[in-house]
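Visitor: Next up is a structure, given as structure tokens.
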Amino acid sequence: GRSVIVVGPSLSLHQCGLPLEIAIKLFQLFVIRDLITKRATSNVRIAKRKIWEKEPIVWEILQEV
Numbered sequence: 044g045r046s047v048i049v050v051g052p053s054l055s056l057h058q059c060g061l062p063l064e065i066a067i068k069l070f071q072l073f074v075i076r077d078l079i080t081k082r083a084t085s086n087v088r089i090a091k092r093k094i095w096e097k098e099p100i101v102w103e104i105l106q107e108v
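Just so you know, we're using the working numbering here: the sequence shown kicks off at 44 and counts up by one.
This is the structure:
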């Protein structure tokens, strides 16, 4: 999909706004790694399913990344 990355009034100069759907695509590998490392899932396939189903743990990890 297409998206626009913009600077928002609530962000500082070195930050930019990024839609969550785009962020999850960009950082998917890091989220999968953290899901497995934190034992929230046992393998990559299950981690991808959690991302696809948009489980709350995925958004928490994305905020950390």
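Note that CB positions come from ideal geometry on N, CA and C, so glycine has one too.
Once you ignore the five residues that flank Ile79 on each side, which residues in its own chain have a CB closer than 8 Å to its CB?
Guide: One-based indexing of the sequence shown puts residue 79 at position 36. Same-chain partners within the cutoff: Ser85, Asn86, Val87, Ala90.
Visitor: Who are the near neighbours of Ile94 in its chain, counting only those whose CB is closer than 7 Å to its CB and skipping five residues on each side?
Guide: Reading the sequence shown from its first residue, position 51 is the one you call residue 94. Closer than 7 Å at Cβ, skipping near neighbours: Ile67, Gln71, Val74, Val101.
Visitor: Hey, would you say Gly60 sits closer than 8 Å to Leu54, going by beta carbons?
Guide: Indexing the sequence shown from 1 puts residue 60 at position 17. Indexing the sequence shown from 1 puts residue 54 at position 11. Cβ atoms of Gly60 and Leu54: closer than 8 Å.
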